[in-house]
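> Numbering-wise, the working numbering comes out as the position in the sequence shown, counting from 1, plus 1132.
Even for Gly, the Cβ is constructed at its ideal location relative to N, Cα and C.
It should be emphasised that the depicted structure is a prediction, and the values quoted were computed from it without experimental measurement.
Before I ask anything, here is the structure I am working with.
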Amino acid sequence: MAQHIKLPAIPTAKILDLCAPPNSVGHTAAEPTIDPTGESPLLYAVFRGHAGFIAFAITLAILCTTAGYAIARQRTRRPIFCALFIGSTVGIVTLTLWGPVPSTSPPMCTVNRDLWEPFFTEQGLLNAAMYAPMGFFGALATRRVLFVVGLGTLLTVTIETTQGALRVLGRGCDTSDVVMNTAGLCVGILIAVLMLAVRQIDDVRFLAVTRRESYAALGVFATLVMTFSLVGITPDVVNGTLAVKQASGAQQQAIESAVHEYFGDHYEIKSVQFFSGGPGGSGTVMAAFPTGFVEMNWPDKEKLTASLTTSTDELSNGYPLDDPVSDTFDESDARRLASRYAKKHAAWGTADSHVSVFPVGKRAELGWMFSWRRYRAGVLMPMRLDIQIGPSGRISQLTADPVPDPTVPAVSISRDQALDALFTTIRFKEIFQDTVATKTAELMAVSEHGQWRAVWRISVSGEEKNALAYVDATSRKIWTYSVTPIR
C-alpha cells in the first residue's frame, strides 16, 4: 500500500535540498510528526483530510458483504464466512487502488533484494494485517488452502502491477508489499486451519485446485507479464529501502576525511552508520559525535550536512573559531567569522556568490545563518553553502554541497508561461479550484538523467492545500508536482 511521489532520475536528497528555503538549510531535522490522537503516523499521513473516501470504502465493504451473504446463503453452508471473505477482499482493492495525489513519474516498480526488511517496518506490518482477514475468512469459507494462497497472491501482484502502470492512482509498485501481503495472507490461513483443527473439523483440503482455476491463474499471470512489458514498467532494484547498517570501510574513511577537512580533530567520532534507500545502493553515511552528527551522501560524497549542537549547548559543543568573542557580539561579527571560515574551508562556495543572512530564532537567540548562492544568467546553480554562527561565535550547523556550475540549455519559458503551463492542467485546476492565495517561482538548475536542465520551481499556497511543482524552462514539460493539505 505504499504511496510514492518521485522525480524521475533526480536524486531525492538534491531535490529536497533545492526545495528548502535558505534559512532552513542546515538546521537540525524536525522529529517525525506523531498524531496526538495516537493513530498510526503512516495511516494519518495517507488518509488525513479524506474522510469522504474512508466513509465510501467502509460503506462499499458493508454493502458487498451484505450482498455476498444474501447470495451465499442460497449456495453454501458457510454464508457468513463467504460474505466476510468477499468484504475483506473488496476492502483491500478499495484501499490499495486509491491515492489522494496522482504521480507524474514514469511507470516504475521497486524491487527490494532485502526480503526481510519489510517485516520490521510499520508499513510492512500494516500490509500483512490488511491481508490476514482475507486469508482467514477465505480458508474458513472454502476450506481450500492452495486456492486461497493462489487467489491472494494473484490479487496482490495484480494490484502492485496496476499501481505501477497507472500513475494517475498516485501509488507505487513495490515487491516488499507483495512479500508482506502474502505473509499476512498465509498467517490468516494458518490461524483458520489451526482453529478448525482444534475444533476437530477435518474437511480442509490443502492442494485442491481445479483445472479451470489453474488455467485462469496462468491467464492472469500472463496478462500481468504482458502489462509490465507493454506499459514499460521499469524495475528499480535496490538493496534495501529503509535499512540502517554499519558503514563499510570505504564509507567510514570518506566521512572521517570530510570531518577532518571541515573541523580538524576537534570532534571524536563515536560511530559511523549507513542509511540505504536510494537506487543502486545509494544513501547517507552518518558519523555520530557525543553531541551532534555529520551526514554525507553516498556514493557521490559531495554534500555534507553537520548538526553540531542543540538549542542549549551551542557554547560547549559548537565548533570553535579562533577569534575571541566580545560581549557585544552581533550579526556583523558573525558575518566576519562565517566569511573567514568559508574562504578557508569552502572557497568553492564564495567565488561570484551572493550571501544572505537570516536570524535563527525570533531575536537571533540561536545566532545567524549565512547562505551562499550563485546565479548564472539568472539560473540558481546547485552549489550550496550554509553556515550557522551561534551567539558564542561557534559554528552550530553547516551544509556544504560543492557541485560545479553546470551548463544548462537556454531558458525560453518565462515565469508567467511556466505558471500557465501548470495551471492549465486539468488535475491541478481541480485541486485548487480558484482558491490560490500566493504563487512564487524560482529558476534553478536540476539534473535529469545525468543532463542538467533549467526548471521553474513553483510554490503554490491555497486555502486548504499547498503545492510544489517543477516546470522545464525550455520545453514547458511539467516534471512533477506534489500537493499537501494544510493542517
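Look at the alpha carbon of Phe1185 and the alpha carbon of Thr1531, and state the distance between them as a whole number of angstroms.
Here residue 1185 corresponds to residue number 53 of the sequence shown, with the count starting at 1. Here residue 1531 corresponds to residue number 399 of the sequence shown, with the count starting at 1. Cα to Cα, Phe1185 sits roughly 42 Å from Thr1531.
> For Ala1420, collect the residues of the same chain with a Cβ closer than 8 Å to its Cβ; drop the 5 residues on either side in sequence, then sort them by chain order.
Locating residue 1420 in the sequence shown gives position 288, counting from the first residue. So the qualifying residues of the chain are Ile1401, Lys1402, Ser1403, Val1404 and Gln1405.
> Can Gly1296 and Cys1305 be called in contact, C-beta distance under 8 Å?
For the purposes of this step, residue 1296 is taken as the residue at position 164 of the sequence shown. For the purposes of this step, residue 1305 is taken as the residue at position 173 of the sequence shown. Yes.
> Identify whether Ser1361 lies in helix, strand or coil by the three-state DSSP scheme.
In the sequence shown, counting from the first residue as 1, residue 1361 sits at position 229. Helix, per DSSP.
> If you draw a straight line from the C-alpha of Gln1255 to the C-alpha of Ser1579, how long is it?
Start at 1 with the first residue of the sequence shown, and residue 1255 comes out as number 123. Start at 1 with the first residue of the sequence shown, and residue 1579 comes out as number 447. C-alpha separation (whole angstroms): 31 Å.
> Decide yes or no for the touch test of the stretch 1256–1275 against the stretch 1199–1217: beta carbon pairs closer than 8 Å, at least 3 of them.
In short, these stretches touch, since the Cβ pair count reaches three.
> Are Gly1499 and Val1457 close, meaning C-beta to C-beta below 8 Å?
Taking the first residue of the sequence shown as position 1, residue 1499 is located at position 367. Taking the first residue of the sequence shown as position 1, residue 1457 is located at position 325. For Gly1499 and Val1457, no; Cβs fall outside 8 Å.
> For Pro1491, which beta-bridge partners are listed by DSSP?
Within the sequence shown, residue 1491 is the residue found at index 359, counting from 1. In the DSSP output, where bridge partners are listed per residue, Pro1491 has Trp1500.
> Looking only at DSSP bridge pairs, what is Leu1512 linked to?
Here residue 1512 refers to the residue found at position 380 when the sequence shown is read from its first residue. For Leu1512, which the question treats as bridged, DSSP gives the partners Tyr1507 and Met1576.
> For Met1418, I'd like the list of residues in its chain whose CB is within less than 6 Å of its CB, leaving aside the five on either flank, ordered along the chain.
Locating residue 1418 in the sequence shown gives position 286, counting from the first residue. So the list reads Gln1405, Phe1425 and Glu1427, once near-sequence residues are dropped.
> Helix, strand or coil for Trp1480? Go by DSSP, reduced to three states.
Here the question's residue 1480 lines up with position 348 in the sequence shown. Reduced to three states, the DSSP call for Trp1480 is helix.
> If you compare alpha carbons, which of Gly1481, Lys1435, Tyr1394 and Ser1464 is closest to Gly1450?
Looking up residue 1450 in the sequence shown gives position 318. For Gly1450, the nearest C-alpha among the options comes from Tyr1394.
> Grab me the residues of Thr1606's own chain with a C-beta within less than 8 Å of its C-beta, minus the 5 sequence neighbours each way, in chain order.
Mapped onto the sequence shown, residue 1606 falls at position 474. Excluding sequence neighbours, Thr1606 sits near Pro1541, Ala1542, Val1543, Ser1544, Ile1545, Arg1585 and Ala1586.
> Flag this pair as yes or no: are the beta carbons of Leu1192 and Thr1221 separated by less than 8 Å?
To locate residue 1192, count along the sequence shown from 1; it is residue 60. To locate residue 1221, count along the sequence shown from 1; it is residue 89. Cβ atoms of Leu1192 and Thr1221: not closer than 8 Å.
> State buried or exposed for Asp1604, treating a residue as buried only when at least 16 other CB atoms are found within 10 Å of its CB.
Here residue 1604 corresponds to residue number 472 of the sequence shown, with the count starting at 1. Label assigned to Asp1604: buried.
> So, under 8 Å CB-CB, Ala1474 and Leu1517 are touching, yes? Tell me the CB distance rounded to an integer number of Å.
Position 342 of the sequence shown, counted from the start, is the residue given in the question as residue 1474. Position 385 of the sequence shown, counted from the start, is the residue given in the question as residue 1517. That belief holds up - the Cβ atoms of Ala1474 and Leu1517 are roughly 6 Å apart, short of 8 Å.
> Pick out whichever of Trp1611, Ile1527 and Arg1506 has its Cα sitting closest to the Cα of Leu1554.
Taking the sequence shown and counting its residues from 1, the one referred to as residue 1554 is at position 422. Nearest option by C-alpha distance: Trp1611.
> Where Thr1242 and Ser1464 are concerned, what is the direct C-alpha to C-alpha distance, given to the nearest angstrom?
In the sequence shown, residue 1242 corresponds to position 110, counting from 1. In the sequence shown, residue 1464 corresponds to position 332, counting from 1. Using only the alpha carbons, I get a separation of about 50 Å.
> Where Gln1332 and Ala1324 are concerned, what is the direct C-alpha to C-alpha distance, given to the nearest angstrom?
On the sequence shown, residue 1332 is found 200 positions in, with the first residue counted as 1. On the sequence shown, residue 1324 is found 192 positions in, with the first residue counted as 1. Going from the Cα of Gln1332 to the Cα of Ala1324 covers about 12 Å.
> Take the Cβ of Thr1355 as the centre, count every other Cβ of all protein chains shown within 10 Å, and call the residue buried at 16 or more, exposed below.
Against the sequence shown, residue 1355 aligns to sequence position 223. Thr1355 is exposed by the Cβ-count criterion.
> Can you give me the start and stop residues for the alpha helix (DSSP H) that Asn1371 sits inside?
Here the question's residue 1371 lines up with position 239 in the sequence shown. Counting along the chain, Asn1371 falls outside any alpha helix (DSSP H), and DSSP gives it neither H nor E.
> Once you ignore the five residues that flank Thr1314 on each side, which residues in its own chain have a CB closer than 6 Å to its CB?
Looking up residue 1314 in the sequence shown gives position 182. Counting only Cβ-Cβ distances below 6 Å, and skipping sequence neighbours, we find Thr1285.
> Once the 5 residues before and after Pro1491 are set aside, which same chain residues still bring their CB inside 7 Å of it?
The count along the sequence shown starts at 1 and reaches residue 1491 at position 359. Answer for Pro1491: Trp1500, listed in chain order.
> Which same chain residues, not among the five before or five after Gly1522, have their C-beta less than 6 Å away from its C-beta?
For this step, residue 1522 is matched to residue 390 along the sequence shown. Around Gly1522: Glu1446, Gly1450, Gly1499 and Ser1528.
> At the level of alpha carbons, what is the spacing between Thr1288 and Met1327?
Translated into the one-based positions of the sequence shown, residue 1288 becomes position 156. Translated into the one-based positions of the sequence shown, residue 1327 becomes position 195. So the alpha carbons of these two residues sit roughly 25 Å apart.
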